[in-house]
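Numbering (my numbering), first residue to last: 21 to 213. Note that beta-carbon positions come from the ideal geometry of N, C-alpha and C, so glycine has one too. Since this is a predicted model, take the numbers as computed values, not measurements.
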Amino acid sequence: MADNTRDKLIEISVQLISVKGFNNTGLAEILGQAGVPKGSFYHYFKSKDDLGLAVIEYYGLSLREGLNTTLNSLSGSPLTRLRAYFDQVLAYVAPDYSRCNCLLGNLGQELALQSDVMRLAIHKHYEAVEKRLAECLADAKVQGELSASADEIILARMLFASWEGCLVRAKLEQSVQPLRDLLDLYFDKLLQA
């Protein structure tokens, strides 16, 4: 758990909002789990929306860091490393369907029409993830793994959007098979040079 109160509030909020959503998670519940008095909350955040922005930033940076760490540290071709990243996520979510979750995707669905500030904060992280995926796909083109005519930007956007949709489908079916099907289709069929 976090060393300081602000980080603790963010981490507990990530856990609660991942399950209940932003609008259904109350400050009293967050503060109760954190053991923080209500007056202290306003020392760290101006409002619940301010906390929401901090949650988006924390989660978005964590997602991007995990992607970068995997793509930068594994050996193998670009597509092998990219598939390995998604396989790692799949291995994490497989034992527990409640993990079939992307907080950015959930919050995007919940808040995009309610708050432009939050929508833009989420979109910033989506674009950063898609950019990193596109960089890996561009490397795959250079190495001949991907057709030279392939548009890595569109492929990256579609991969991430499809992954987000399959996370929802996996929760509905209580099965990770939609995620497996997507990875097999994408890496074994669509991305073949």
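In this structure, does DSSP put residue i in helix, strand or coil?
| i | result |
| --- | --- |
| Leu94 | coil |
| Asn126 | helix |
| Ser135 | coil |
| Ala114 | coil |
| Asp171 | coil |
| Glu193 | helix |
| Cys166 | The sequence shown places Leu at residue 166, not Cys. Leu166: coil per DSSP, three-state reduction. |
| Cys120 | coil |
| Leu211 | coil |
Express the C-alpha separation of residue j and residue i in angstroms, rounding to a whole number.
| i | j | result |
| --- | --- | --- |
| Gln53 | Phe207 | 42 Å |
| Asp159 | Phe42 | 38 Å |
| Leu110 | Leu202 | 11 Å |
| Leu205 | Gly80 | 26 Å |
| Met21 | Ile30 | Low per-residue confidence applies at Met21: pLDDT is 43, beneath 50, and the placement is therefore not dependable enough to give any value. |
| Pro198 | Pro115 | 15 Å |
| Val39 | Glu130 | 13 Å |
| Leu87 | Phe65 | 29 Å |
| Phe61 | Ile142 | 23 Å |
| Leu179 | Asn24 | 37 Å |
| Ile174 | Leu140 | 20 Å |
| Ser93 | Arg101 | 9 Å |
| Asp70 | Leu153 | 29 Å |
| Ser33 | Ser169 | 44 Å |
| Gln134 | Ser82 | 24 Å |
| Gln35 | Ser67 | 19 Å |
State yes or no: is the C-beta of residue i within less than 8 Å of the C-beta of residue j?
| i | j | result |
| --- | --- | --- |
| Lys16 | Cys120 | What is shown of the chain runs 21 to 213, which leaves residue 16 out entirely. |
| Ile37 | Val75 | yes |
| Val196 | Val113 | yes |
| Ala132 | Leu157 | no |
| Pro98 | Glu165 | yes |
| Thr90 | Ala104 | yes |
Return yes when the C-beta of residue i is under 7 Å from any heavy atom of the ligand NAD, and no when it is not.
| i | result |
| --- | --- |
| Ala141 | The ligand content of the structure shown is nil, which means the ligand NAD is not present either. |
Between the Cα of residue i and the Cα atoms of the options, which residue gives the shortest distance?
| i | options | result |
| --- | --- | --- |
| Val56 | Thr90, Gly125 and Asp27 | Asp27 |
| Leu124 | Lys161, Arg84 and Ala104 | Arg84 |
| Gln194 | Ser169, Val162 and Tyr117 | Tyr117 |
| Gly128 | Tyr112, Tyr146 and Pro98 | Tyr146 |
| Ser167 | Leu210, Gly185 and Ile142 | Leu210 |
| Ser187 | Ala148, Phe106, Leu102 and Ser33 | The displayed chain sequence assigns Leu, not Ser, to residue 187. Closest option to Leu187, Cα to Cα, is Phe106. |
8 Å is my cut-off, CB to CB: does residue i come that close to chain C?
| i | result |
| --- | --- |
| Pro198 | As a matter of chain content, chain C is missing from the structure shown, which is built from one protein chain. |
Curious, which full-length beta strand (DSSP E) runs of at least 3 residues does the region 21-100 contain?
Complete beta strand (DSSP E) runs here, min 3: none at all.
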